[in-house]
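Enquirer: Residue numbers (my numbering), protein chains in the order written: chain A, 2 to 830; chain B, 80 to 299.
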Amino acid sequence: MNAFAIALRTLLREWKSGELGVLVLAITVAVAALTGVGFLVDRISIAVDNQAGEVLAADLVLESAQSIDDHAMREAQSRGLQFSSKTGLLSVVFNGDASQLTALRAVSAGYPLRGKVTVSNEPFGAATPADGIPARGEVWPESRLAAAIGASVGSELSIGAGKFRVSRILVSRPDQGATFVELAPALLMNDGDLAGTQLVQPGSRLTRSLLFAGPRDAVKSFADWLKTHKKESERLLDVDETAPQIKSAIDRSGRFLSLASLVAVLLCSIAVAMAARRYVQRHLDSVALMKTLGATRAFTLTVSLTQLILVGVIAAVLGSVLGFGAQEWLVIALKGLLKGDLPPPGLAPLGIGFLTAVAVLGGFALPPLLQLSRTPALRVLRRDVGPPAPLVILAFGPAVLAIGFLIYWVLRDVGMFVAFVLGLAAFVVIVAGAGWLLVRLTKRLRGGVGVSWRYGLANLGRRRTESVVQLTAFAHGIMVLLLLAVVRNDLLNDWRRSLPADTPNFFFINIPPDQNQEFAQFLKDRGAERARVLPMVRARMTHINGKPIDDIRFATPRGKEFANRDQNITWAETLGRDNEITEGRWFTPADTGKPLVSVSTEYMKELNLKLGDTLQFDIAGDVRTATIASVRKVKWDSFQPNFFLMFAPGLLEGAQGTWMTAAHMDARNPKTIADLVRRFPSVSVFNVDDLLRQVRSVIDKALAAVQSVFLFTLMAGLVVLIAAVQASREERRFESAMLRTLGANRSTVLKGLLAEFAALGVLSGTLAAAGASIAGVYVAKRVLQIPYTPDPWVWFYGLVGGGLLVSLAGWLATRSVVNQPPVLTLRSA
Amino acid sequence: MSVLKAENLTKKVTSPEGMLTIVDNVSLDIAAAESVAIVGASGAGKSTLLALLAGLDTPSSGRITLAGADLTALDEDGRARLRAERVGFVFQSFHLVPSLTALENVMLPLELAARRDARAAALETLGRVGLAQRTGHYPRQLSGGEQQRVAIARAFVTRPAVLFADEPTGNLDTHTGERIVSLLFDLNAQSHTTLVLVTHDRNVAARCGRILQMDSGLLR
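1) Of all the options L442(A), A299(A), L412(A), which has the alpha carbon lying nearest to the alpha carbon of L371(A)?
2) Mapping the DSSP letters down to three states, classify H665(A) as helix, strand or coil.
3) Any contact between the stretch 614-621 of chain A and the stretch 219-227 of chain A? By contact I mean 3 or more CB pairs, one from each, below 8 Å.
4) What's the call for G718(A), buried or exposed, on a 16-neighbour Cβ count within 10 Å?
5) Taking the C-alpha atoms as reference points, what is the distance between H230(A) and L211(A)?
6) Kindly confirm or deny that the stretch 740-752 of chain A and the stretch 441-458 of chain A touch, where touching means at least three C-beta pairs closer than 8 Å.
7) If you measure from the beta carbon of V283(B) to each beta carbon in chain A, is any gap under 8 Å?
8) Starting from the N-terminal side, write out each stretch of the alpha helix (DSSP H) that is 4 residues or longer and does not extend beyond the stretch 179-263 of chain B.
9) Examine chain A for any beta-carbon lying closer than 8 Å to the beta-carbon of H279(B), and answer yes or no.
10) Quick one: is S601(A) buried, meaning 16 or more other Cβ sit within 10 Å of its Cβ, or exposed?
11) Helix or strand or just coil, what does DSSP make of T180(A)?
12) Give me the chain B residues within the contact set of R734(A), using Cβ-Cβ distance strictly less than 8 Å, ordered along the chain.
13) Under 8 Å, do T571(A) and V632(A) count as touching if we go by C-beta distance?
14) Could you please tell me which residues of the stretch 223-243 of chain B, in chain order, have their CB closer than 7 Å to any CB of chain A?
15) Output yes if chain B places a C-beta closer than 8 Å to the C-beta of T180(A); else output no.
16) Quick check on W141(A): does DSSP put it in helix, strand or coil?
17) Out of F428(A), A745(A), R279(A), state which residue places its alpha-carbon closest to the alpha-carbon of S729(A).
18) So is Q328(A) buried or exposed if we call it buried at 16+ other beta carbons inside 10 Å?
19) Let's see if you can read the secondary structure: which residues bound the beta strand (DSSP E) around F508(A)?
20) Reducing DSSP to helix, strand and coil, say where M98(B) ends up.
21) Count the other CB atoms, across all protein chains shown, that sit within 10 Å of the CB of M80(B); report buried if there are 16 or more and exposed otherwise.
22) Kindly indicate if chain B contains any beta-carbon less than 8 Å away from that of T303(A).
23) Can you name the residues that DSSP bridges to G167(B)?
24) Is it right to say H665(A) is buried, meaning 16 or more other beta carbons lie within 10 angstroms of its own, or is it exposed?
25) Should G295(A) be flagged as near chain B, meaning a C-beta pair shorter than 8 Å?
26) Which chain B residues sit within Cβ distance under 7 Å of T307(A)?
27) Below 7 Å on C-beta distance, what does D156(B) contact in chain A?
28) Which ranges does the alpha helix (DSSP H) cover as unbroken runs of at least 4 residues, wholly within the stretch 346-381 of chain A, from first to last along the chain?
29) How about L187(B) and R233(B): are their beta carbons less than 8 Å apart?
30) Measuring straight from C-alpha to C-alpha, what distance separates L262(B) and G223(B)?
31) What separation, rounded to the nearest whole angstrom, lies between the Cα atoms of L438(A) and Q282(A)?
32) Can you tell me whether S737(A) is buried or exposed, with buried defined as 16 or more other CB within 10 angstroms of its CB?
33) Spatial neighbours of V30(A) within its chain, please: CB distance less than 6 Å, with the 5 preceding and 5 following residues excluded, ordered by chain position.
34) Which class does G655(A) belong to by DSSP, given the choice of helix, strand or coil?
35) Going along chain A in order, which residues have a C-beta closer than 7 Å to the C-beta of S178(B)?
36) If you draw a straight line from the C-alpha of G762(A) to the C-alpha of S153(A), how long is it?
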């Protein structure tokens with residue numbers, strides 16, 4: 002007979018004592034919280050990997066905001082590569098008066114070179130592979146677009162100056178973005194029809210792409226050739242580069258969600274520590290006895306460790322199963338944001354689950370078990386003898402290490418790790434401090450309430466540490482849910498209300514320079530309040546202070562993105578009211594024609610620029626250098642045309658560009674917009690309300706996922722509560738028996754218990770509502786700069802929700818205490 | 080032949096009042112199959128002496144030889160192994176493992192000593208203490224007397240050289256206590272085990288071959 006056999010034999014019987022159940026529950030929730038996110042991220046990553054080869058619809062893409070010379074195509078032809086072209090631009094598509102902003106994709110024969118286009122004969126119908134591309138005069142709108150404007154096969158759509166017949170409904174195309182739905186629905190058309198729409202004017206905002214495919218080596222050598230022969234403004238995309246970019250974005254989102262679920266893991270760790278402490282208390286006698294009967298320390302330790310490992314394995318498996326279920330739930334929450342069906346996940350997230358279980362058990366349950374094995378045999382004769390006190394580093398070191406490891410493992414960045422740990426510590430100290438004060442306050446209330454409440458409140462105060470831990474856990478979970486579910490909507494609505502009534506709700510871009518005046522008059526005639534009109538020129542930054550962009554290391558990913566993307570630049574004589582100069586000075590008439598630029602504060606910060614720095618741009622092949630003359634703080638939510646980069650007048654006038662403006666129009670009159678688009682077919686119209694609605698729906702879905710993750714935090718709070726009740730069960734049972742012996746009836750005792758948990762829930766709700774309101778006020782004042790009155794409903798939901806949730810959980814956990822006849826308890830005491 | 084020998088045994092502990100001597104320079108020699116009662120008032124040091132003799136505690140000075148082995152030269156695990164092979168215990172509060180059945184409790188010391196015949200030997204011993212019908216019961220399903228019978232079976236099942244009993248009737252009513260003591264002495268006589276028994280009860284002590292009186296840590 003060995004230690005393993007004894008461990009196995011007693012494990013099932015130990016189950017009844019409860020703390021092993023709490024251990025399993027805590028580890029299960031912790032594992033589920035992390036694996037849930039892990040499985041989701043894994044599935045999305047696999048989807049990206051699977052479609053990586055098709056994500057470009059080619060092996061290699063040359064992309065530019067301007068027209069691309071033929072020489073690349075000729076070179077590809079001479080090398081025997083396949084090629085095709087694609088032009089992407091945004092425009093409004095009409096079916097009668099119904100309109101929708103659409104991502105037009107005009108493609109040439111041969112498209113797609115990799116992957117398949119699938120179509121159907123009706124919106125949301127069954128997909129079949131398409132034969133070629135749309136014929137001239139025909140278009141294939143996506144189901145989403147067809148539904149929005151009520152189009153079907155046979156409908157006639159207006160796009161710019163042209164009219165087109167819907168011959169198929171587009172179901173999918175390989176380069177539609179592998180995983181996430183794009184904001185505007187797409188429409189596929191023949192490249193030969195683009196000119197007829199008159200949408201493309203010199204300087205129009207569009208993306209031209211040349212697609213190449215062929216044998217791997219030929220493509221690689223062609224890519225090398227392109228790198229040396231392409232223009233500065235042209236961008237080369239290959240599969241190896243595109244997929245990692247998407248994956249890195251997914252990885253970042255995954256890390257954020259994992260961080261959110263780590264809070265649940267931390268709470269579960271507290272429950273594990275509580276359960277382990279009780280396990281140790283209950284086993285001191287058994288270990289002493291086994292040692293008396295001849296067991297060595299290693300033997301007793303093996304028994305406990307075997308049970309711990311078994312509990313860990315069972316919980317990790319259960320947690321992974323629950324995590325898989327949770328991930329399915331997350332996928333449902335994200336429905337509409339994710340495209341198509343995701344492939345099944347790999348096994349890697351199971352590793353996350355087991356690692357979590359090992360870290361939490363190793364950090365929080367192992368140290369007490371090591372202590373347990375040091376119980377002296379003498380305890381069989383003297384009950385006051387226990388294991389020697391452990392060194393502080395051995396008691397808390399593993400816990401700190403385990404949590405540190407999990408946080409670092411999720412973040413993988415020292416700076417973020419330190420910031421998160423400090424932030425979390427500060428948050429916990431503040432919430433726990435406030436919780437401690439609240440628990441103290443209940444002492445004063447005891448005089449003025451009935452016997453049940455007095456008993457309940459006295460219990461809260463007597464087990465103050467446990468009460469504060471539970472309070473912190475619940476307050477945290479409820480606070481986050483209140484913030485995401487209630488305060489967020491309040492803030493968004495208050496922000497919308499804070500905008501003046503005449504805030505522009507339509508943006509117009511790609512206004513041809515020669516139609517600028519006519520366009521302004523058109524808007525004026527229809528009573529639209531017009532904002533300022535600014536020119537818009539596409540440019541690409543090439544150097545900062547003479548140093549090539551490629552040689553500069555930017556501190557943030559955003560800075561790198563700012564530097565590398567196509568810039569929209571403008572020039573102006575006057576400064577808008579929504580712009581404020583914070584450094585330097587705005588242009589004077591004497592600056593006309595001088596190489597000076599005014600830069601927004603965000604741009605300065607992300608690119609680490611300072612006044613007097615020189616920036617060099619490539620504007621359709623022309624090289625311009627300008628010195629930073631001023632820094633502007635821009636109020637972006639004025640919804641006026643605004644730019645990061647504004648040049649002095651007279652410098653860019655020769656550059657090819659279009660104009661843009663914004664206006665407030667009656668959105669309920671679609672005819673005005675329809676007239677406008679027919680009259681000025683090249684102008685792209687953006688309905689701000691539509692865009693905001695779409696952005697909001699994306700944010701809502703993403704937040705639904707975050708909320709789901711924070712439900713784990715609440716579950717973890719419940720586990721802490723169960724662990725605390727479990728730890729105090731004998732004590733509670735004895736108290737209940739004593740009270741009933743003294744004449745209290747069952748309902749009085751039950752009311753007392755309910756009072757205790759209701760008070761705990763209400764106090765948590767109070768803390769949560771206070772925290773959510775403070776956070777709301779902070780965001781309103783500092784971020785949105787709007788007046789904000791905290792919503793009284795936050796308090797209602799917090800207090801009532803908290804009270805009900807914790808009362809119910811507490812009642813479920815303690816009802817056996819009241820149900821047991823007092824005589825049994827007193828006899829066994 | 081001596082099976083348990085203590086030479087100049089002293090146990091001192093620190094307390095808020097300063098250093099306390101609980102066992103003071105005790106020497107004794109107990110022969111094989113002898114039965115010895117240690118009696119004395121509460122706080123006289125009886126249980127501490129028992130703990131030292133059984134290797135559950137270590138003396139501040141002095142030497143103990145148990146079944147030929149120098150207990151004071153062994154570490155904790157060494158003493159545990161020696162107990163597994165040569166020592167049995169009966170306690171006042173029974174000390175059964177609540178999650179194990181009567182049979183499993185009796186098997187436990189045999190299993191700790193890696194004996195293959197654990198089950199058969201435990202069943203046989205439980206039969207000897209009159210509990211053949213209750214082998215599958217858990218401690219909480221047994222009366223106090225039955226629990227102590229299980230404890231006695233557990234103590235004898237390894238056929239120990241020395242059996243230590245600490246107030247074996249302390250938690251039992253008089254009638255049950257007498258039956259338990261009879262059982263203990265009967266089994267002791269059958270197995271030729273050395274019995275070292277700590278008790279308050281003069282009647283129980285009188286059944287032993289020798290009575291040692293403890294008083295303020297000293298053996299009189």
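For every residue, glycine included, the Cβ atom is placed at its ideal position computed from N, Cα and C.
Treat the numbers as computed from the prediction; the structure is a model and nothing was measured.
Expert: Looking at the atomic coordinates:
1) Position 370 of the first sequence holds residue 371(A). The shortest Cα separation from L371(A) among L442(A), A299(A), L412(A) belongs to A299(A).
2) The residue you call residue 665(A) lines up with position 664 of the first sequence. Correct three-state label for H665(A): strand.
3) no
4) Within the first sequence, the letter at position 717 stands for residue 718(A). Buried, because 16 or more other Cβ atoms sit within 10 Å of the Cβ of G718(A).
5) The residue you call residue 230(A) lines up with position 229 of the first sequence. The residue you call residue 211(A) lines up with position 210 of the first sequence. Going by the C-alpha atoms only, they are around 14 Å apart.
6) yes
7) Here residue 283(B) refers to the residue found at position 204 of the second sequence. It does not; no Cβ of chain A falls within 8 Å.
8) 181-191, 197-207, 223-235
9) For this step, residue 279(B) is matched to residue 200 along the second sequence. For H279(B), the answer is no, since every Cβ of chain A falls outside 8 Å of its Cβ.
10) By 1-based counting over the first sequence, the position of residue 601(A) is 600. Classification for S601(A): buried.
11) In the first sequence, the residue the question calls residue 180(A) occupies position 179. Legend: pLDDT at T180(A) = 45, less than 50; position of this residue unreliable, no value from coordinates given.
12) As a position in the first sequence, residue 734(A) is number 733, starting the count at 1. The premise fails here: R734(A) is roughly 15 Å from chain B at the closest Cβ pair, so nothing lies under 8 Å.
13) Position 570 of the first sequence, counting from 1, holds the residue named residue 571(A). Position 631 of the first sequence, counting from 1, holds the residue named residue 632(A). For T571(A) and V632(A), no; Cβs fall outside 8 Å.
14) none
15) The sequence position of residue 180(A) within the first sequence is 179, counting from 1. Residue confidence for T180(A) is low, a pLDDT of 45 falling below 50, so the modelled location carries little weight and cannot support an answer.
16) Here the question's residue 141(A) lines up with position 140 in the first sequence. Strand.
17) Locating residue 729(A) in the first sequence gives position 728, counting from the first residue. Considering only alpha carbons, the answer is R279(A).
18) Residue 328(A) sits at position 327 when you count from the first residue of the first sequence. Under this definition Q328(A) is a buried residue.
19) By 1-based counting over the first sequence, the position of residue 508(A) is 507. Residues 507-512.
20) Your numbering for residue 98(B) matches position 19 in the second sequence. Here M98(B) sits in strand by DSSP.
21) Position 1 of the second sequence, counted from the start, is the residue given in the question as residue 80(B). The residue is exposed, with fewer than 16 neighbouring Cβ atoms inside 10 Å.
22) Taking the first residue of the first sequence as 1, we reach residue 303(A) at position 302. For T303(A), the answer is no, since every Cβ of chain B falls outside 8 Å of its Cβ.
23) On the second sequence, position 88 is the one that residue 167(B) refers to. DSSP output for G167(B) lists L242(B) as bridge partner(s).
24) Against the first sequence, residue 665(A) aligns to sequence position 664. Classification of H665(A): buried, given that the 10 Å Cβ count is 16 or more.
25) Residue mapping note: residue 295(A) aligns to position 294 of the first sequence, counting from 1. G295(A) counts as touching chain B.
26) Working through the first sequence from its first residue, we reach residue 307(A) at position 306. What T307(A) touches in chain B: nothing, since even the nearest Cβ is about 14 Å away.
27) Within the second sequence, residue 156(B) is the residue found at index 77, counting from 1. Residues of chain A passing the Cβ test: T297, R298.
28) 349-361, 367-373
29) Working through the second sequence from its first residue, we reach residue 187(B) at position 108. Working through the second sequence from its first residue, we reach residue 233(B) at position 154. Yes, they are a contact pair.
30) To locate residue 262(B), count along the second sequence from 1; it is residue 183. To locate residue 223(B), count along the second sequence from 1; it is residue 144. So the two alpha carbons sit approximately 15 Å from each other.
31) Taking the first residue of the first sequence as position 1, residue 438(A) is located at position 437. Taking the first residue of the first sequence as position 1, residue 282(A) is located at position 281. Straight-line Cα distance between these residues: approximately 30 Å.
32) The count along the first sequence starts at 1 and reaches residue 737(A) at position 736. That one is buried.
33) For the purposes of this step, residue 30(A) is taken as residue 29 along the first sequence, with counting starting at 1. C269, M716, A717, V720.
34) For the purposes of this step, residue 655(A) is taken as the residue at position 654 of the first sequence. Here G655(A) sits in coil by DSSP.
35) The sequence position of residue 178(B) within the second sequence is 99, counting from 1. Correct list: T11, R14, E15.
36) As a working note, residue 762(A) is residue 761 in the first sequence. As a working note, residue 153(A) is residue 152 in the first sequence. So the alpha carbons of these two residues sit roughly 55 Å apart.
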